[in-house]
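**Student:** 184 is the number of the first residue of the sequence shown in my numbering; add one for each residue after it. One structure coming up, written as structure tokens, with questions to follow.
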Amino acid sequence: GATRKRKHSESSDESRCEEQPQKRKKLMSTAQYVYQVMFKEEHKSDVAVRCLGRTWHLHKVYLCQSAYFSSMFGGSWKESDRDFINIEIIDPCITIEALDAVFGSLYLDEITLDVNVIIPVLATAALFQLNSLIEKCSEVMIESINPITVVAFYEAACQYGVTNVRNSTFEWLQVNFLNYYMKHLKLLNQVNLELMYKLISSPDLFVMQTEYAIYYLLKNWIYFQLHPDTESNARGDLKTTIQNFYHGLDKTRPFLETRLGRRYEKLFRALRLTYLLNHHRDIEIILKDNIVPQEWLHTPILQQWDAMLCFDESTYNGPAECDEKTFGESCMRCGRVLTSEGFQKWRWTGFNFGLDLVFIVDTRNLSIKRNHRPENERLLSLQVKRQFLARVCVLTVNENSQVKHRQTSGIKSLTLEKNEEVTLLQFDKDLSYPLMISINILTVSPRIPAERIHVKPQVTSGPSRDNNRLTEVNLSHSDDG
């Protein structure tokens, strides 16, 4: 019996031993060992590299991961057989900290990338032609695009040829430029002239609310360019200060014809001037500002008048087709943000060649209606059918205002009878509120004199689509506010 008992005890002990959980202890990896001994402790260094007043004792075999050093050591450079190399750094973006991080990454299979100092790391990686590190920097930068980083990332991407970052940052600016910078005017100072020109020229710019918003933003941008020390929280009303600046300029010459304003001419040339000439308040402000020479306004006004006569005489009823490039360069650009779901109705008011176009959002659809009320018949086109082109882009953004989902209608050729309504877009299920909506419309073909049209926005609302009496609430008056 004792023997059986002893055997049972031994068996139980063995079973308990087998049931004990395995415990793993991570040893220092080869990469970590190499980093510590070879880079940090500089063991058996065969080359010293001096940059920005600091010397690193490194190893050619690791440095040759860089195309810059590989070419240096393997080619006909005078430094190819030297054990001391002095590199003159002329790029102000490159820092000692970035150099240390980049040299260290050659000994380790990872690198910590801090968004706050990622541009110096990118600059250093570009200098040493470390494509894999440039790729990692670009991934982090794209993930980190926000209102604070976007302009700096765009400029760095242009400087160092990082195409995907440049495209992503420019897309962010196209979507958010007016919506964000209208609320943060002082940040306009970050935008240089070339970027400003590229943005306001873009056919894909989300214009909130109409072309006048671009004029207003441009006017503020110039003020900050000329007064870079202005603080957004400065004493007094900043809006009044900017108005007084323009109203106090020499009235004998438009601002763009002065020595101070001449360099900004191409920016105002990029505006679609006809869009600024179909609301009397817009014209009043533009003339009072005296920024744009009045001669610039003569041709678009004549074009509008000629097109209006064509519509009135029923010799023309609007464009039926247009290639994408011409449409993008010639269409009206307008947009708005829908903050919450529900039935909504709005229009952009102003002269539109007798077309009163009302936009309607109901559940998951965006529709357009040619509104025609008998009491306004003298102001509206009497043509039974009117043709025009329209394109809609709707998108949802995340907490950093990056695009989460985008849906576009493409260019639609529409022919509407009086009070006819058609659906422009059925919203994807992936779209969620708030929605940013950009609408482009071409009422007059660019092949006849009037190339561009502009209208101003108002909101209308009602309990149903059948309610033809629209309650109009002005969303953005044509003044400096």
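Don't be surprised by glycine CBs; every beta carbon is placed ideally from N, CA and C.
(1) Within 10 angstroms of its Cβ, does Gly236 collect 16 or more other Cβ (buried), or is it exposed?
(2) Less than 7 angstroms separating the beta-carbons of Tyr364 and Leu356?
(3) Decide if Arg436 is buried, meaning its Cβ has at least 16 other Cβ atoms within 10 Å, or exposed.
(4) Using the C-alpha atoms, what's the distance from Gly537 back to Lys639?
(5) Could you say which of Asp420, Tyr216, Met255 and Ser212 lies nearest to Val230 if we only look at CA atoms?
(6) Just the C-alpha distance for Phe571 and Ile273, rounded to the nearest angstrom, thanks.
(7) With DSSP collapsed to three states, give me the class of Ser254.
(8) Which residue or residues does DSSP assign as beta-bridge partners of Thr606?
(9) DSSP on Ser621, reduced to helix/strand/coil?
(10) Please check the pair Asp539 and Arg530, which I expect to be a contact at CB under 8 angstroms, by giving their CB distance rounded to whole angstroms.
(11) Using only the alpha-carbon positions, how far apart do Ile325 and Gln219 sit?
(12) How should Gln477 be labelled, buried or exposed, when 16 other C-beta atoms within 10 angstroms of its C-beta is the threshold for buried?
(13) So Ser327 and Val358 are in contact, right, with Cβ under 8 angstroms, and what is the actual spacing, rounded?
(14) Leaving out five residues before and five after His555 in sequence, what residues of the same chain have Cβ atoms less than 8 angstroms from its Cβ?
(15) Out of Ser596, Glu440, Asp506 and Cys320, which has the shortest C-alpha to C-alpha gap to Trp479?
(16) Pairing CB atoms from the stretch 613-625 with CB atoms from the stretch 572-592, are three or more of them under 8 angstroms?
(17) Looking only at its chain, what residues have a beta carbon closer than 6 angstroms to the beta carbon of Asn329, apart from the 5 residues adjacent to it on each side?
(18) Taking the continuous beta strand (DSSP E) assigned at Met515, which residues delimit it?
(19) How many angstroms separate the CA atom of Glu394 from the CA atom of Val304?
(20) Starting from the Cα of Glu354, find the closest Cα among Leu409, Leu388, Ala250 and Ala335 and give me that residue.
(21) May I ask you to report which of helix, strand or coil DSSP gives Arg464?
(22) Report the rounded CA-to-CA distance for Tyr290 versus Gln248, giving the unit in angstroms.
(23) Do you know how far the Cα of Ser288 is from the Cα of Cys276?
(24) Per DSSP, Lys595 is paired with what?
(25) Can you have a look at His410 and say buried or exposed, based on whether 16 or more other CB atoms are within 10 angstroms of its CB?
(26) Using only the alpha-carbon positions, how far apart do His551 and Gln585 sit?
(27) Where does Glu560 land, buried or exposed, given buried means 16+ other C-beta within 10 angstroms?
(28) When DSSP builds the beta bridges, which residues end up paired with Glu600?
(29) Between the C-alpha atoms of Phe286 and Val348, what's the straight-line distance to the nearest angstrom?
(30) From the DSSP output, in three-state form, read off Thr441 for me.
(31) Work out the CA separation of Val544 and Phe526 for me, nearest whole Å.
(32) For my contact list, Glu504 and Ser596 are in at a C-beta cut-off of 8 angstroms; report their separation, rounded to the angstrom.
(33) Please confirm whether Ile270 and Cys234 have their CB atoms less than 7 angstroms apart.
(34) Quick check: the Cα distance between Ile474 and Gln426, rounded to an integer number of angstroms?
(35) Which residues does DSSP list as the beta-bridge partners of His430?
(36) Can you give me the start and stop residues for the alpha helix (DSSP H) that Asp545 sits inside?
**Tutor:** This is what the structure holds:
(1) exposed
(2) no
(3) exposed
(4) Here the model assigns Lys639 a pLDDT of 40, short of 50, so the residue's position is not dependable, and the following value carries that caveat. So the two alpha carbons sit approximately 14 angstroms from each other.
(5) Met255
(6) Roughly 55 angstroms separates the two Cα atoms.
(7) Correct three-state label for Ser254: helix.
(8) Ser550
(9) strand
(10) 7 angstroms
(11) 31 angstroms
(12) exposed
(13) Between Val358 and Ser327 the Cβ distance is about 16 angstroms, and since that is not below 8 angstroms, they are no contact.
(14) Asp539, Leu563, Lys601 and Asn602
(15) When C-alpha distances from Trp479 are compared across Ser596, Glu440, Asp506 and Cys320, the shortest belongs to Glu440.
(16) yes
(17) Closer than 6 angstroms at the Cβ level, and outside the excluded window around Asn329, lie Asn583.
(18) Met515 to Leu521
(19) Their Cα atoms are separated by approximately 39 angstroms.
(20) When only C-alpha atoms are compared, the closest one is Leu388.
(21) helix
(22) 10 angstroms
(23) The straight-line gap from Cα to Cα measures roughly 19 angstroms.
(24) Ala573
(25) exposed
(26) In the sequence on display, residue 551 carries Ile and not His. In a straight line, the C-alpha of Ile551 is about 28 angstroms away from that of Gln585.
(27) Unreliable positioning characterises Glu560 in this predicted model, as indicated by a pLDDT of 49, which lies under 50. A coordinate reading is not provided.
(28) Lys568
(29) Their Cα atoms are separated by approximately 24 angstroms.
(30) coil
(31) 6 angstroms
(32) 6 angstroms
(33) yes
(34) Taking the Cα positions, Ile474 is about 12 angstroms away from Gln426.
(35) His430 is not bridged to any residue.
(36) From DSSP, Asp545 is part of no alpha helix (DSSP H) but of the beta strand (DSSP E) over Asp539 to Asp545.
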